[in-house]
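Following: one structure in structure tokens, then a few remarks.
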Amino acid sequence: MAPSSGSPIVSLSGVEKHFGAVRALAGIDLQVARGECVGLVGHNGAGKSTLMNVLAGVLAPTRGRIAIAGSLEEDWSARRARMRGIRCVFQELSLCPNLTVAENTRVLHAALKGFGWRRRAARLIADKLDEIFPGHGISPSAPVQDLSIDRRQMVEVARALTVTDEPLALVILDEPTSSLDAHTAGQLLAYMRRQVEAGLSVILISHMLGEVLDHSDRIVVMRDGLAVASDAATAFDRARLVREMGGEDRAAPDTAVPASARGQAPVRVRARPARQSGGPALVAHKGEVVGLAGLAGHGQTALLRAIHDAAPRGRGGITVDGPVAFVAGDRQSDGVFPQWSIARNITLRSLKALKQGPLIAPARERELAEAWQTRIAIRTPDIGNPILSLSGGNQQKALFARALASDAAIILMDDPMRGVDVGTKLEVYDIIRQEAANGRTFLWYTTETEELMHCDHIYVFRDGTIVADLARGDLTEEKVIQSSFQEAG
């Protein structure tokens, strides 16, 4: 794929953004041509989401110029951006949970009004979902709060790509596949390329570097609020991307527990999905990292929640030997406490250890939070700042820190790497292996096949049941995909 030679649909010049003393953007230039997909990569806190919020009109730049289709914009706003055909799928989903899928579509399209608007909104979003995600199974009348996070992501994407009275010239996709399994992500990326070939401009932000390399025409690397590299996608490989981002790439270490040694360590968790009467049960031993794989929404999260609820005594055919901690992938609904500080969010699971008499000792709380801030590299000038002052990826790091700082012997991870940059992922992988070597057990649901290579054993789910039981030495992407589409035996 070669960069488009078309005229710029967007041109940002010298854009800066300050939040008090914090400089999020340091004078960045960015151009996107018509019919071009620009991949935008960088570590958490590099300024990617801030830049896209400026382009979408959600944030006003401190200084700098914005030109759309060659016309300088003096009074830029979210409304003006929509009028000029710019849409954004934000990393933090913006759907109203108490409204239906169709009603959320109406929120974006004022033209859907008058008698029968619900029917027209339902048809609009259903057609777009069918076009992008064949077989999606989402009803336009379903309340968003009842949808799983992957289906909410699908609705968010489809809604942004619907058109009524306002044009669609450029769509910003900020981590659009972070909650999607490989099959659904492939549907979206294939649709995106078809639209780019038809003339749509796209900015693709993703920490899944393979997606950016395979589907972008040009790649821009950001670091510390600046664009530090820009080149045709064909000029990059994974190693160069990581290097430009300021990190070092490396393969998964061969530290898996040998299959022959599985039975030698005590069993920490034994569980069978509620819908499964026979077949293999999930078994996790002390010191193991056990992966849960398969298409999103097929029972992995439900089993992790059942294990969490069964601890420590066990129930419903589930045995759990030891205290547990849960790392949520859906941090908005299940993870962060938005009114609390970063420190309080980290130390919540460790309150018993922080007591001094009947009260929590503030000095101990801050010491524990700062220790994990350093270990997991949470980017903030002050650990006492509100949790929502962090980027999405740094919020996710705080959830990891909460679980790992606790006394939990068993860590349950529900696709927790959403929106986390490659450098941090590698650091977290190392921490997981270190903690497993010290006897902790990890149950890790992930939609990324690459992450399964860091697990000792993998269970593949389909329709709420376990359909495959793989040692890491037997793991291939083909086996996971094949198992994901088969019926339980």
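In this text, residue positions in the sequence shown follow numbering that gives the first Met the number 0: the first is 0, and each later residue adds one. Cβ atoms here follow ideal geometry from the backbone N, Cα and C, with glycine treated the same way. Being a predicted model, the structure only gives us computed values, none of them experimental.
Between which two residues does the beta strand (DSSP E) harbouring residue i extend?
i	result
residue 30	21 to 32
residue 399	Unbroken run through residue 399 is the alpha helix (DSSP H), 391 to 403; no beta strand (DSSP E).
residue 266	266 to 270
residue 15	7 to 18
residue 72	70 to 72
residue 291	288 to 292
residue 228	225 to 231
residue 284	281 to 284
residue 38	36 to 40
residue 222	217 to 222
residue 470	464 to 470
residue 205	Per DSSP, residue 205 belongs to no beta strand (DSSP E) and is neither H nor E.
residue 324	323 to 326
Distance, Cα to Cα, residue i vs residue j?
i	j	result
residue 290	residue 451	6 Å
residue 432	residue 411	15 Å
residue 303	residue 403	17 Å
residue 326	residue 7	42 Å
residue 332	residue 314	26 Å
residue 371	residue 383	13 Å
residue 461	residue 297	5 Å
residue 459	residue 200	37 Å
residue 188	residue 217	15 Å
residue 155	residue 358	44 Å
residue 40	residue 109	33 Å
residue 535	residue 444	Summary: the structure shown does not reach residue 535, with the chain confined to residues 0 through 488, and so no result is reported for it.
residue 135	residue 121	15 Å
residue 2	residue 35	Per-residue confidence for residue 2 stands at a pLDDT of 42, beneath the threshold of 50, marking its modelled position as unreliable; no derived number is given.
residue 92	residue 335	15 Å
residue 184	residue 286	32 Å
residue 362	residue 72	50 Å
residue 117	residue 78	23 Å
residue 169	residue 69	14 Å
residue 339	residue 347	10 Å
Is residue i near the ligand HEM, judged by its Cβ being under 8 Å from some heavy atom?
i	result
residue 82	Absence of the ligand HEM from the depicted structure is noted, as is the absence of any ligand whatsoever, leaving it without description.
Taking 9 Å as the cut-off, decide whether the C-beta atoms of residue i and residue j are in contact.
i	j	result
residue 206	residue 37	no
residue 244	residue 45	yes
residue 457	residue 471	yes
residue 301	residue 317	no
residue 43	residue 378	yes
residue 521	residue 29	As shown, the chain starts at 0 and ends at 488. That puts residue 521 outside it, with no answer to give.
residue 283	residue 448	no
residue 337	residue 415	no
residue 270	residue 323	no
residue 107	residue 131	no
residue 179	residue 144	no
residue 399	residue 427	yes
residue 389	residue 345	no
residue 49	residue 23	yes
residue 240	residue 212	yes
residue 367	residue 387	no
residue 321	residue 267	yes
residue 25	residue 223	yes
residue 391	residue 312	no
residue 111	residue 119	yes
residue 27	residue 226	yes
Could you spell out where the alpha helix (DSSP H) holding residue i opens and where it closes?
i	result
residue 375	361 to 375
residue 332	330 to 333
residue 209	208 to 214
residue 307	299 to 309
residue 346	341 to 346
residue 493	Since the first residue of the chain shown is 0 and the last is 488, residue 493 is not available in this structure.
Return the chain-ordered ranges of every alpha helix (DSSP H) run that is complete within the region 120 to 197 and spans a minimum of 4 residues. 148 to 159, 181 to 196
Stretch pair the region 229 to 245 + the region 178 to 193: three plus CB contacts closer than 8 Å: no
Given 8 Å as the limit, is there contact between the region 126 to 140 and the region 43 to 57, that is, 3 or more CB pairs closer than that? no
Would you call the region 291 to 302 and the region 459 to 469 touching, i.e. three or more CB-CB distances under 8 Å? yes
Contact between the region 87 to 105 and the region 171 to 178 is defined here as three or more beta-carbon pairs at a separation below 8 Å; is this criterion met? yes
Which full runs of the alpha helix (DSSP H) of 4+ residues lie inside the region 406 to 457, going along the chain? 421 to 436, 448 to 451
Ignoring anything shorter than 3 residues or poking outside the region 52 to 124, list the beta strand (DSSP E) runs there in chain order. 62 to 67, 70 to 72, 85 to 88
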